[in-house]
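According to the UniProt record's numbering, the sequence shown is numbered sequentially starting from 1. From the three backbone atoms N, C-alpha and C, an ideal C-beta is built for every residue, glycine too. Quick caveat, the model's predicted, so the values are computed rather than measured. This report concerns only the one structure given below.
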Amino acid sequence: MTEYLSIGILLGISAGVAPGPLLTLVISETLQHGMKSGIKVALSPLVTDLPIILLTLFVVGQLAEFHTLLGIISLIGGSVILYMAYQGMNPKVPVSELPPEEPRSLTKGILVNALSPHPYLFWFSVGGPIMSKAMNLNMAAPFAFIGSFYILLVGSKILLAILVGKSRSFLSGTVYIYTIRLLGLALFVLALLLFRDGLILLDVIHID
Numbered sequence: 001m002t003e004y005l006s007i008g009i010l011l012g013i014s015a016g017v018a019p020g021p022l023l024t025l026v027i028s029e030t031l032q033h034g035m036k037s038g039i040k041v042a043l044s045p046l047v048t049d050l051p052i053i054l055l056t057l058f059v060v061g062q063l064a065e066f067h068t069l070l071g072i073i074s075l076i077g078g079s080v081i082l083y084m085a086y087q088g089m090n091p092k093v094p095v096s097e098l099p100p101e102e103p104r105s106l107t108k109g110i111l112v113n114a115l116s117p118h119p120y121l122f123w124f125s126v127g128g129p130i131m132s133k134a135m136n137l138n139m140a141a142p143f144a145f146i147g148s149f150y151i152l153l154v155g156s157k158i159l160l161a162i163l164v165g166k167s168r169s170f171l172s173g174t175v176y177i178y179t180i181r182l183l184g185l186a187l188f189v190l191a192l193l194l195f196r197d198g199l200i201l202l203d204v205i206h207i208d
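Written out as structure tokens, the structure is:
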């Protein structure tokens, strides 16, 4: 169970601080309307992701006996994580180009997250297979993974909203940049593990 707790923490904080549409909106709303608006955007995955997770678990459950297809999904997941690692090791400061408007921060966050391909791609290629594997271990493991993932995903975005609200120079500082790079390195290792699992499922490599 500790393994899935650790994976959830790593993926959650990496997704939480990585530049992307939702983080850009968190920063934009914080700069334009204050920390409270940024925090509302950060909470939006708690609203949008449950249907995606349930659909993913249903689909992956139907594929449980198809090792070849699961192996391919694992390789795709490894590629997704590898790309996240590349982005992390070559970080760009997120910049908002959104025009000022009346705050409807939670609604905006829900729309951005629901219409973005990122959560669908993550859960179908990475999160779903991890959850399925965790469920085969015991009932506590999937809750450890999903709980740690969302605590760190949402929590890191809330923390960034607070930091941006208090110090607008934070995003251009070395602490943020080096944190992203360190997480990118950790994601690279996780990508290699997913590639290994995929190759095992495809019978390309064998573990004695």
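Please classify SER44: does DSSP put it in a helix, a strand, or coil?
Looking at SER44 - three-state DSSP - the assignment turns out to be coil, as it is neither helix nor strand.
Residues near LEU192 by beta carbon distance below 8 Å, same chain, minus five either side:
Counting only Cβ-Cβ distances below 8 Å, and skipping sequence neighbours, we find GLY78.
I'd like to check one pair, ARG181 with MET89: are the Cβ atoms closer than 7 Å?
Yes.
What's the C-alpha gap between ALA15 and HIS118?
For ALA15 and HIS118, the distance between alpha carbons rounds to 10 Å.
Which whole-angstrom value is the C-beta distance of ALA42 and ILE158, which I expect to be below 8 Å?
Indeed they touch by this definition, with Cβ atoms about 5 Å apart.
LYS40 versus GLY109: straight-line alpha-carbon distance, rounded
Distance between the alpha carbons of LYS40 and GLY109: 8 Å.
Do you know whose CA, among VAL47, THR30, SER105 and HIS67, lies nearest LYS166's CA?
Comparing Cα-Cα distances from LYS166 to each of VAL47, THR30, SER105 and HIS67, the minimum goes to THR30.
Apart from the five residues just before and just after GLU97, which ones in its own chain have a Cβ nearer than 6 Å to its Cβ?
Low local confidence applies: a pLDDT of 49 at GLU97 is under 50, so the model's placement there is unreliable, and no value is given.
Please name the residue, chosen from VAL164, GLY147, THR68 and ILE73, that lies closest to LEU128 on a Cα-to-Cα basis.
Note on identity: in this sequence residue 128 is Gly, with Leu being the wrong assignment. With respect to the C-alpha of GLY128, the residue from VAL164, GLY147, THR68 and ILE73 having the closest C-alpha is ILE73.
Below 8 Å on the Cβ atoms is my contact criterion, and I expect PHE145 with LEU54 to pass it. Report the Cβ-Cβ distance as a whole number of Å.
Their Cβ separation, rounded to whole angstroms, is 15 Å, which puts PHE145 and LEU54 out of contact at 8 Å.
Checking 7 Å against the spacing of the C-beta atoms, do GLY198 and LEU75 come in under that value?
The answer is yes: Cβ separation under 7 Å.
Do PHE188 and ALA114 have their C-beta atoms within less than 7 Å of each other?
Taking 7 Å as the cut-off, the beta carbon of PHE188 is found no closer than this to the beta carbon of ALA114.
Among MET1, GLU3, LEU11 and THR2, which residue has its Cα nearest to the Cα of LEU185?
Nearest C-alpha to LEU185: LEU11.
Straight-line gap, LEU57 to SER125 (C-alpha atoms, nearest Å):
Near 11 Å, if we compare the C-alpha coordinates of SER125 and LEU57.
Going by alpha carbons, who is nearest to VAL60 out of LEU163, MET35 and LYS133?
Of the candidates LEU163, MET35 and LYS133, the one whose C-alpha sits nearest the C-alpha of VAL60 is LYS133.
Alpha-carbon to alpha-carbon, TRP123 and ILE52:
Cα-Cα distance, rounded: 7 Å.
Let me know if ASP203 comes out buried or exposed under the rule of 16 or more other beta-carbons within 10 Å of its beta-carbon.
With fewer than 16 other beta carbons inside 10 angstroms of its own, ASP203 counts as exposed.
Supposed contact pair VAL164 and ILE27 - C-beta distance, whole angstroms, cut 8 Å
Confirmed, Cβ separation roughly 6 Å.
How would you label MET131, buried or exposed, when you count the other beta carbons within 10 angstroms and need 16 or more for buried?
Buried, since its Cβ has 16 or more Cβ neighbours within 10 Å.
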